[in-house]
Structure formats: structure tokens, C-alpha cells
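Going by the numbering used here, the sequence shown wraps up at 787, each residue one higher than the last. We treat Cβ as the ideally placed atom computed from N, Cα and C, and that holds for glycine. Written below as C-alpha cells is the structure these notes are about.
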Amino acid sequence: MLKKLWHLFFGNLRKQLIFGMTLIVALMMATFIWDMTRRQEIAEIEQNALQATALSHSLATSSAVWVLSRDYSGLQEIVQSTSAYPAVLYAIVLDLGGQILAHNDKSKIGMYLSDLPSSSAAPELRQTVGTIDVLSPIILGKKQVGWVRIGLDRKPFKARLIEIKRNGLLYILVSIGISAVLVTLASRFLTRRLYAIQKVADAVQSGRPDVRVELSGNDEAAKLARQFNQMLDSLNQREQQLRSFYELNLVGLTIVSPEKGWIRINDCLCRMLEYSESELRDMTWAQLTHPDDFAADEAQFNRMLANEIDGYSLEKRFISRSGKSVPVQLVVGCVRKPDRSVDYVTAMVQDITERKHFESEIRNLAFYDPLTNLPNRRMLSDRLKQAISSCARNGKVAALLFLDLDNFKALNDTLGHATGDLLLQQVAQRLSAAVRECDTVARLGGDEFVVMLENLSAYPMEAIKHAQLIANKIITALNQSYQLGQHTYNNTPSIGLVLFDGSEQLSHDDLLKQADIAMYQAKKAGRNSIRCFDPRMQESINNRVALEADLQHAIDTGQFILHYQSQLDHCGNIIGAEALIRWQCEQRHLLLPSEFIELAEETGLILPIGQWVIDTACRVIMNWQQCEKKQHLVLSVNVSAKQFQQTEFVSAVKAAVQKHGIDPERLKLELTESMLLSDIDETIAKMKALREIGVRFSLDDFGTGFSSLQYLKRLPLDQLKIDKSFVRDIAEDANDRTIIRTIIAMAHTLKLDVIAEGVETAMQRQLLIDYGCNHFQGYLFSKPQPIEQFDAQLQKN
């Protein structure tokens, strides 16, 4: 039923146009009539309200004196005259208590109304379904003396409104009828040109591809006709191109119907399979397919028949008439009927024999070393992964031997790379001959080889004995003389060995690294030897690499802080502090310099760290200068050898001093004796350049290194710092006491200040004072502490 109605109203474009335009006109007229009726209703309501308000006001004004004088007959006359107005239902005069004094219905005089407000200064309008009611106060001399009530009948208004709506509905029906007629005529005119296009489309569909639409003009229908003709021309051209492509015989093409079998076969497919077209038509797809590939092809074809896919692509093999296996790339698609069943199937068959040959060559290049024909790093990685999995399954232990030829570079440099290549080829032959058939010999590159020994034993001790036996066999084989052209050459290997059983979570790269580490241990042991991997080697390397990465991250993210250890005079007054760096690591605890400074020195990261320390120290001195009680304090900063040796060291310190605007005499740089050995003249020049602007210098850990009066007297030093190793046993060790007295006497002779570090007991302090040392630093006074705690100590001091 719904389909019939739909076809009745929307069966074609003309019906849709008629129905749509008629509906639009109906909606527009209905909206207009509704709006006009609504406006009329509002206007009538306003007019009735104004009329009622005006009548109540007039009645209130004219009855004020009569109410006050209690002249009821006069009031009754006024009320009777007011009720004569059209649509007036009632006119009432009441006193303040609500008693009716006059009413157009005399029978109600004397009654009371109870719905009066307590007071009102303006008329009160009330509307009900049938009436408009106005209640107005009677005012005389600014005093209310009563009430007036007027009621108007709304029935005449509603009758007029119903008449308007009835007329509006009539207008709507007339408009719909007129618009339907006009739209029908217009639609016939507008759609007749479209029908011309439809007729041509039906003709093309019936098998007449050369028919074209004949429409003139510049309207939309004419433009559509021209575009339709262009589309037909384009389709014909593409069909011709497809036919030409089909006949070019670049690839095998065929069209097959599930019901009718072969529909079309091109010559290329016939030549590929060595059958004629008529012979192929008598054969099935299964007869042509290699037996090992038939199942995969049939599974995909059945999925397409089951409407799961619309096509597929796969590699398979056909069997030609001569029995030759032809590798092909098969691309299958289908065209479906309206019920989604397969109408016919298209297949494109490309001979990929040449491509398979190239792929084989590429695979050899990708997985084998071209010089030695051994597996390369990529294939070794694959086999090593498989070996790890195999060990985990069968519980057997395997081994990895990493070989490096000793002094191979010297051979290349003296006899040339061609001779070096001959050696590598002979080494590859000897390695392959020295191992079992199940083992893998690979060349990683250069003079590095790897031997993987599988299925050694289920017991690690037996496995390592077996692996070492094979490794010694390899060393014996490689120690034999080589005949490299006209040259007789002897060479030795260094071998690193690592066992694995698949139980540890180690990747193939991890195993290669461990074997490589063990090989370098063999080289360090004198070469021509075997070394097994020690897990502690890798752990040490991993920790170092991780620490270096964390250290770089700490520099980038600002994880360093300074702690301050106070320095005091013999009276207990704080005269300054030493700035000591700490690393507030995200993954670790608060690290001391002993845990990372050595690595920072080796990696060069000490340079940005040292510059940060100097810059931070200058900023602290700047803050001290702004406080009167801290202006005298001197801050000591340790300088590393690599930092001091930088060409820009002097300019960097000067820049930090100028940047923060500090008194340079409040900055003290602490140097170690080992820094002074490399180039004493350059060291003295840098110290003097900074001493000229006021920067002070202290020689740290004095007495523990290379102490020489020859250079000591030339250095622009301000202070010697007695190392804590002498202070620690000063009370028990006479030698330490002698050394300290000598250092203090020498410093006084050179007019240098002396400070002792590591002072932890009152006895140590007293002995130092007795020997002439007046400045101290150590746990007796305070540990290195954050700046807030140092400031608190200053307050107490």
C-alpha cells in the first residue's frame, strides 16, 4: 500500500514537482491565514480591553459624587446609561466594602462581591473565555470612595474570528487548486526535455551505443544533454581502450561465468600456458593449477562466491602443456547480479618468472656476504632469533663465538685490499670446515665473523666445554699459514664466547654485544685467545651508558643544586662557604660528586656543569652583597682540570662576574695540584688574568699530589687547603702532625692563608690552632647544606 502511494505521488520527477510545489503553496497560504487570524484576534482583544477600560473610567468619574452623597437613584441612572453600550453585559457600582450600590440588573442591588482587591490605584483587567472584566477604583479628591465594574461579552468577537478562519480555509483550498493546475502545466514544460535524455539512455542500455541526445538551447536541460553525450563518448572511448588493452596481450586475461564457463580468453594466456583457446575452453581452472597451490586459490574463490569478498590477489603456479611450472600473479574480480550472486569473474594472469629470478638474486644479496658467500648480519639475526626460541623450547644450550682477525688493518695497508679479501675468503673456508653442518658461520663485515653453535648440551658446563673445544679448533685452523697469491701470511684471531639457553630475556643484539665485549677482552689479554663473557662486564657498561644519558638529561632539565659548607675562623665566625654540587636525579637519590663527576670529566659534560656552578655561585654572591650581614662572605668553587684548560675559561668567568655585578674578591676558585702539571705557564697566565680583576685562588688537597715549591711560588695563590686525609689522624699520627706543621709554616712563609678541611672534632681544631691554622671547614661546624639551612646557620652565628 505504501509503495503504491509513494509511486502515485513521487513516481517521477513531474509528480515530485507537482506534489512539492502544491505542498509549498499550501504551507505558505496556511501560514498567512494563521498569521492574519492571530493578528485580528490580538487586535480585537486590545480593542475590547480599551473599550472596557474607557467605560469603567467614565463610569467611575461620573459616579464619584453620587457615591459620596449616597444618591442611589442617580447612580442607577448612570449605570443604566452605561449598560446601553454594545456588548456590555453588566455595569456595577460598589462601595469600598464590596456592596453593590447600582447594577443594570436591579435585583442584585445590595448584594456583596468578595473578589475585590484590598486597594488599587489603576483599573484591573480580567479576561475569561466569554467575558472581559474591568474593575476600576472611584477616586474623589485623591481618596478612593468605591469601585466600578464593567463586563463586556466576547461572543460577537469570536463569531467574527470564526468567519475569518472559514474564509481563510476557503482561500487555501482555492490557492491549492490553482497552484496544482499551474504547476502541472509548468512541470510538463520543464520535464519534456528531460524525457528526451531518458529516451536516449534507454536506447543505449538496449544496445545502441551510438545514439545521442538532440537538444538545442542554453538552459540546464541542454547543458545536461551535452554532458550526457560527452559521457557516452568517453565511455565508448574507454571501452575501445579496454578492448585494445585486452588484445595487446601484455598479460593473460580471461572472463569466466560460474554457469557458462570460459567466456573469453586472450592470446597471451594461451601462449603462457601453451594451449590454444579451444583447448583451454575444454579444461577447468583446477586442471591448470599446480596441486600445491590449488587449495589456497579455491578457498579465496569460494569466499568470493559466498559474497565475503569481491576479489582477491595471490601468487600461484600454473602447469603448462609441456609440464613447466609457471609462477604467476593472479588478480581476480567479479561482477555481481542485483541479488549479489556472481554474474561473471574476470582474471588477470601475469607471468612473474623473471621477477622470481630477480627476487632470488636480491635475497642472496640481502642475506649473504658477496665476498665469502657466508650469511651476513641480517641472516645471522634471523637464525639467532630462531636459535633463541629453539633453546627455550628444547632446553638445550647454544653458544655464540665472535671472531676478529688480529692486525688485519696492517695487512690491508701493506699488501692492499685485494690481498685482504683473499685472507677473508680463506678464513671463511676454514671456519666452515671447522664447525658442524648444523652450525652457522656468518660474516658481519670487515674482519669480523660470528659462529653460532646450536644444540650443544642441556648442561651449561658440558656446553661451555664443547664450545671451547670448537673455539680452540678454530684457533688451530686459523693459525695455519695462508698463501695469499705470492705471499705467505700468518694470522691469529681473538674470540669472544657467550652461552645462551633462551631463558633470559636477551635479544639477538644483546647476545652479539656480549660476544663482542668478550672478544675485546680476548684482545686485551694478548690476542690469539678465547674469553667468555662475564655478565659484570655488560652490567658495568650498561650502568655507565645509563648514567651518561641521565647526566645529559640532568643538564638539559636543570637537576643540579648547590650545597654550602661553611668556613669559619678561629673565633667561630663564618667567613664564607664552599659550594658543593649535588645531583637531584629523578630516578635516583641525591647523588654526590663522587658518583658522577668522573664520568662527566670523561665525557666532556663537566664543561656545561662547571659553567652552571660558576654562574649559580655568582648569583648567590650577588644576593649576599644585598645583605649587610653577608657582604663579607667569600664563596669557594671547585674547578675541574678540563674546564680550566678551556681557552674560553677566563672570559667565561669574567662574563659571569659582570653579568651578576658581584665583587670578584668574593669569588674563590679552588684548583687541584694535578691541574698544574700540564702547562704551568698557561695556568699561571689564566690565574693572573683573573687575579687582576680580584678573583681569589685556593690550592685544594694540598700535599696529596705533586707539591713543588718551584711552581708554588710562581702561582698567584691566596690560600692553601690542607687535605682532610692529614687532618683525620692528626691526634694519633705524628707524621700527619709534622706534615700539617710544615704546610702551615710554608704557607706563612709564602704569605698565603691556610684552611683545613675535614675538621670533625674539637681536638683536631685545637691542634690546628696551636700549629697556626686559623680557618676551618668540616662536620664539626656543619655538613654541606642547602642555601636555606646555611642562611639559618648564619643567623645563629
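Of the candidates Glu592, Glu204, Cys324, Asn628, Asn628 places its Cα closest to the Cα of Ala569. Taking 8 Å as the cut-off, the beta carbon of Met677 is found closer than this to the beta carbon of Pro706.
When beta bridges are read from the DSSP output, Gly406 appears opposite no residue. For Cys617, no beta strand (DSSP E) encloses it, and the DSSP letter there is neither H nor E.
No residue range can be given for Ile342, since it is assigned to no alpha helix (DSSP H) and is classified by DSSP as neither H nor E. The continuous alpha helix (DSSP H) containing Pro281 extends over residues 281 to 295. Inter-segment contact for the stretch 139 to 147 and the stretch 66 to 78 is present: three or more beta-carbon pairs are separated by less than 8 Å. In the three-state reduction of the DSSP assignment, Gly100 falls in the coil class, being assigned neither a helical nor a strand state.
Note that the C-beta distance between Val138 and Ser53 is below 8 Å. Secondary structure of Asp671 (DSSP, three-state): helix. Looking at Asp329, Ser303, Asn363, Ser350, the one whose alpha-carbon comes closest to that of Thr336 is Ser303. Three or more Cβ pairs drawn from the stretch 712 to 719 and the stretch 741 to 752 lie within less than 8 Å of each other, which places the two stretches in contact. Taken through DSSP and simplified to helix, strand or coil, Ala74 comes out as coil.
Between Ala212 and Val201 a beta carbon distance of about 17 Å is seen, past the 8 Å cut, so the two are scored as non-contacting. In summary, His579 is exposed, with fewer than 16 beta-carbon neighbours lying within 10 Å of its beta-carbon over all protein chains present.
In this structure, the beta-carbon distance from Ile670 to Lys632 does not fall below 8 Å. Within the stretch 312 to 374, the runs of alpha helix (DSSP H) that reach at least 4 residues and sit entirely inside it are, in chain order, 343 to 357. It is roughly 7 Å from the alpha-carbon of Val425 to the alpha-carbon of Ile460.
Under the DSSP assignment, Thr739 falls in the alpha helix (DSSP H) whose first and last residues are 724 to 739. For Phe550, the enclosing beta strand (DSSP E) has its first and last residue at 550 to 559.
About 6 Å separates the CB atoms of Gln319 and Glu305; that is less than 8 Å, so the two are in contact. Residue state for Ser626 is assigned as strand, using DSSP reduced to three classes. Just measuring C-alpha positions, the residue of Glu638, Gln89, Glu114 sitting nearest Leu103 is Gln89. The C-beta distance from Glu264 to Arg311 rounds to 4 Å, short enough to meet the 8 Å contact threshold. Where Phe634 is concerned, the enclosing alpha helix (DSSP H) starts and stops at 631 to 634. As summarised for the stretch 478 to 548, the continuous alpha helix (DSSP H) elements at least 4 residues long and confined to that stretch are 498 to 514, 525 to 547, given in chain order. When the Cα atoms are used, Thr593 and Lys741 turn out to be separated by approximately 38 Å. Taking the Cα positions, Ile507 is about 20 Å away from Ala453. In this structure, Ala81 places its C-beta atom within 8 Å of the C-beta atom of Asn94. Nearest C-alpha to Ile571 among Ala149, Thr279, Gln648, Trp602: Trp602. Assignment of Lys773 by DSSP, reduced to helix, strand and coil, places it in the coil class. In the DSSP annotation of this structure, the continuous segment of the alpha helix (DSSP H) that includes Val57 starts and ends at 54 to 59.
Look at the stretch 564 to 593 and you find these whole runs of beta strand (DSSP E), each 3 residues long or longer: 564 to 574.
In the three-state reduction of the DSSP assignment, Gly120 falls in the coil class, being assigned neither a helical nor a strand state. Taken through DSSP and simplified to helix, strand or coil, Met442 comes out as strand. Judged by pairs of C-beta atoms under 8 Å, the stretch 370 to 380 does not touch the stretch 463 to 480, as fewer than three such pairs exist.
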